[in-house]
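Here numbering that gives the first Met the number 0 is used: the first residue of the sequence shown is 0, the next is one more, and so on.
Just so it is clear, CB atoms sit at the ideal spot from N, CA and C, and this is done for glycine as well.
Being a predicted model, the structure only gives us computed values, none of them experimental.
All remarks here apply to the structure that follows.
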Amino acid sequence: MPFVIYLHPLSSYSQKAKTAFYEKNLDFETRLLDGSEPVTSEFFQKWPIKRFPILEHGADFIFEATSIIEYIDLLHPTDHPLLPADAMAANRVRMWDRFFDNYMQYPQQRMVNASLGREMEPDDGFVRWRQALETAYGILDVHMKGRRWVASEDFSLADCSAAPAMLYADWAHPIPNHFENVRAYRARLLQRPSYARALDEARPYRHLYPLGAPVGRD
Ligand SMILES: N[C@@H](CCC(=O)N[C@@H](CS)C(=O)NCC(=O)O)C(=O)O
């Protein structure tokens with residue numbers, strides 16, 4: 000029974016889900032959401048929320064990148080699960096997964112939306128969202144001191160979340176040099192083979208990133 004993912008390689012949440020598949024060496028079929036038909040209409044019909052990725056696996060239909068990762072982790076458990084078996088350890092992982100979605104992806108997505116004219120707010124240089132990212136960087140910098148991965152000894156769901164969130168957050172609002180732990184963590188994530196593969200697959204589409212993809216920050 001194949002895994003089928005509707006995605007776009009440039010999309011951060013698609014990269015998040017793909018990173019988990021690559022961690023587990025799981026194959027999947029891609030339905031590329033590049034604006035063409037009939038895939039676009041097919042996707043809208045399946046998921047009128049119109050946010051991707053979504054996963055189909057037999058009769059199962061999974062939305063939300065986090066839930067997709069938890070789903071394949073349950074189906075394909077390993078010695079190093081992406082969500083730890085210990086409930087308290089899993090709580091930490093879920094907490095940091097939320098951190099990256101809510102406090103790094105979200106401000107970055109708002110900046111992208113504003114640049115596309117989708118926001119009601121005035122274009123003030125994204126002051127509010129830049130401040131939100133600075134705050135998140137500061138919290139993460141303290142937390143990452145002496146740590147390799149964000150929420151557990153092993154690479155986890157939270158690191159799948161962190162990798163694209165930090166790629167794009169830095170593009171949207173560069174991580175200041177003094178946040179050394181954040182910069183080192185981002186570099187580590189970008190070198191992780193699973194995420195490096197997702198990142199490479201997005202390279203042909205970089206010119207589509209609305210805020211402009213900076214050279215040399217990947
Ligand atoms: N909460 C969703 C967010 C998914 C999401 O925002 N995906 C973006 C691409 S990275 C999207 O679908 N954008 C389409 C749009 O905004 O119209 C998840 O975690 O999967």
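Near ligand 1, which residues have their beta-carbon closer than 5 Å to a heavy atom? Put simply, the residues with a CB less than 5 Å from any heavy atom of ligand 1 are S10, S11, Y12, R50, F51, E63 and A64, in chain order.
If you check the beta carbons only, do L156 and L54 fall under 8 Å apart? Counting from 1 along the sequence shown, the entry for residue 156 is found at position 157. Counting from 1 along the sequence shown, the entry for residue 54 is found at position 55. The Cβ-Cβ distance between L156 and L54 does not fall below 8 Å.
Beta-carbon within less than 6 Å of E200's beta-carbon, same chain only, minus the 5 sequence neighbours each way: which residues are those? Taking the sequence shown and counting its residues from 1, one reaches residue 200 at position 201. Here the set comprises P8.
Does the separation of the CB atoms of L132 and A168 fall below 8 Å? One-based indexing of the sequence shown puts residue 132 at position 133. One-based indexing of the sequence shown puts residue 168 at position 169. Yes, the pair counts as a contact, with Cβ atoms nearer than the cut-off.
Ordered list of beta strand (DSSP E) runs contained in the stretch 33-68, each at least 3 residues: The qualifying runs are 53-56 and 59-62.
Just the Cα atoms here: how many angstroms apart are R185 and Y102? In the sequence shown, residue 185 corresponds to position 186, counting from 1. In the sequence shown, residue 102 corresponds to position 103, counting from 1. Between R185 and Y102, the C-alpha separation is close to 16 Å.
Of the residues H79, T39 and D96, which one's Cα is nearest the Cα of Y12? Taking the first residue of the sequence shown as 1, we reach residue 12 at position 13. When only C-alpha atoms are compared, the closest one is D96.
Assuming contact is defined by CB atoms lying nearer than 8 Å, are L6 and T29 in contact in what I supplied? Position 7 of the sequence shown, counted from the start, is the residue given in the question as residue 6. Position 30 of the sequence shown, counted from the start, is the residue given in the question as residue 29. Yes, Cβ-Cβ distance for L6 and T29 is below 8 Å.
Starting from the C-beta of I138, find all residues in its chain whose C-beta is less than 6 Å away, skip the five residues before and the five after it, and write them out in chain order. Your numbering for residue 138 matches position 139 in the sequence shown. Non-local beta-carbon contacts of I138 in its own chain, meaning distances under 6 Å to residues more than five positions away in sequence, are absent.
Is I71 helix, strand or coil when you go by DSSP? Residue mapping note: residue 71 aligns to position 72 of the sequence shown, counting from 1. Here DSSP, grouped into helix, strand and coil, assigns I71 to helix.
Residues near I68 in its chain [Cβ-Cβ closer than 7 Å; skip 5 each side]: Taking the sequence shown and counting its residues from 1, one reaches residue 68 at position 69. If we look at I68 and ignore the five residues flanking it on each side, its Cβ neighbours are A16, A19, L81, L156 and C159.
Got a sec, what are the start and stop residues for the beta strand (DSSP E) R185 sits in? Taking the sequence shown and counting its residues from 1, one reaches residue 185 at position 186. Run containing R185: none in the beta strand (DSSP E); it sits in the alpha helix (DSSP H), E179 to Q190.
Local Cβ density within 10 Å of H172, reported as buried at 16 or more and exposed below that: For the purposes of this step, residue 172 is taken as the residue at position 173 of the sequence shown. That one is buried.
Any idea what DSSP makes of Y12, helix, strand or coil? To locate residue 12, count along the sequence shown from 1; it is residue 13. Helix.
C-beta contact flag for D153 and L189 at 8 Å: Taking the sequence shown and counting its residues from 1, the one referred to as residue 153 is at position 154. Taking the sequence shown and counting its residues from 1, the one referred to as residue 189 is at position 190. It is not a contact, given that the beta carbons lie outside the stated cut-off.
Can you have a look at L74 and say buried or exposed, based on whether 16 or more other CB atoms are within 10 angstroms of its CB? The sequence position of residue 74 within the sequence shown is 75, counting from 1. Exposed, by the Cβ-count rule.
Which term fits T65, buried or exposed, when burial requires 16 or more other beta carbons within 10 angstroms of its beta carbon? Taking the sequence shown and counting its residues from 1, one reaches residue 65 at position 66. A buried status is given to T65, since no fewer than 16 other beta-carbon atoms sit within 10 Å of its beta-carbon.
Go ahead and pull the three-state DSSP assignment for I174. The residue you call residue 174 lines up with position 175 of the sequence shown. For I174, the secondary structure class from DSSP, reduced to helix, strand or coil, is coil.
Rank M143, Q107 and K144 by C-alpha distance to the C-alpha of V126 and give the top, closest one. On the sequence shown, residue 126 is found 127 positions in, with the first residue counted as 1. Looking at the Cα atoms, Q107 is the closest of the given residues.
DSSP three-state assignment for L139, whether helix, strand or coil: As a position in the sequence shown, residue 139 is number 140, starting the count at 1. Correct three-state label for L139: helix.
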